[in-house]
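Report on one structure; see the data block that follows.
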Amino acid sequence: MDVLAAPRRASKPAQSNGRRAIATAFVSSVLARVAAPRMDARLAAGEDPLSEDALARRSRRLVSGLSRRRLACGLERAWSMPPEPAVLSAAVAVDGHAVAVARSALQQLASALASRADVEPRGVAITQILLTDPSSPLYRPAYPEELYELARAALFALGSREAASAERWRR
Numbered sequence: 246m247d248v249l250a251a252p253r254r255a256s257k258p259a260q261s262n263g264r265r266a267i268a269t270a271f272v273s274s275v276l277a278r279v280a281a282p283r284m285d286a287r288l289a290a291g292e293d294p295l296s297e298d299a300l301a302r303r304s305r306r307l308v309s310g311l312s313r314r315r316l317a318c319g320l321e322r323a324w325s326m327p328p329e330p331a332v333l334s335a336a337v338a339v340d341g342h343a344v345a346v347a348r349s350a351l352q353q354l355a356s357a358l359a360s361r362a363d364v365e366p367r368g369v370a371i372t373q374i375l376l377t378d379p380s381s382p383l384y385r386p387a388y389p390e391e392l393y394e395l396a397r398a399a400l401f402a403l404g405s406r407e408a409a410s411a412e413r414w415r416r
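Residue numbering for the sequence shown follows the working numbering, starting at 246 and increasing by one per position.
So, in structure tokens, the structure goes:
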């Protein structure tokens with residue numbers, strides 16, 4: 246009696262597609278981490294987070310609870326830091342005058358980041374850039390109110406209720 250064995254090739258395309266999907270997801274994940282500053286700038290400019298996979302991954306990472314809590318803590322450190330820079334530190338000192346002008350807006354932004362369940366990636370990306378870019382208005386404002394204006398823009402871009410009530414109060 247002759248027994249024919251089924252060729253093993255039949256299962257390889259399915260494995261190959263699975264491996265390809267894993268490799269694609271891995272590349273997108275690495276790209277989202279390596280190109281984070283560039284992607285943050287694209288999100289802050291208002292680009293659709295769903296326009297490409299790596300941008301969507303970065304967007305999800307930004308709006309995660311952990312990321313937003315870290316940003317809120319960074320904002321809190323900015324307004325509570327002593328005005329003089331540390332002696333031997335790589336940290337860029339915040340502009341004390343700009344922080345004093347923008348303190349209320351920074352506090353509202355930190356509160357919204359820490360407390361809101363759903364936020365828009367654009368507002369989180371603006372905050373990320375504000376804290377991590379050494380040429381941002383937090384560290385090098387072009388004029389004293391620039392930090393206040395950017396913090397307000399980030400707050401409004403979050404889509405939070407705090408921004409709407411703060412705008413009504415300001416009018």
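Here a beta-carbon is modelled for each residue, glycine too, at the ideal position from N, C-alpha and C. No experiment lies behind these values; they were computed from the predicted model shown.
| Query | Result |
| --- | --- |
| Tell me where the alpha helix (DSSP H) around residue 346 begins and ends. | 341–360 |
| One question on the structure: do residue 344 and residue 403 come within less than 9 Å of each other, judged by their Cβ atoms? | no |
| Give every residue of the same chain whose Cβ lies closer than 6 Å to the Cβ of residue 316, excluding the five residues on either side of it in the sequence, and list them in chain order. | 358 and 372 |
| For the structure I just gave you, are there three or more beta carbon pairs, one from the region 358–369 and one from the region 388–403, closer than 8 Å? | yes |
| Please determine, among 381, 370 and 377, the residue with the shortest C-alpha to C-alpha distance to residue 288. | 370 |
| Is it right to say residue 333 is buried, meaning 16 or more other beta carbons lie within 10 angstroms of its own, or is it exposed? | exposed |
| Could you check what DSSP says for residue 319 in three-state terms: helix, strand or coil? | helix |
| Given this structure, state the Cα-to-Cα distance separating residue 319 from residue 262, to the nearest angstrom. | 42 Å |
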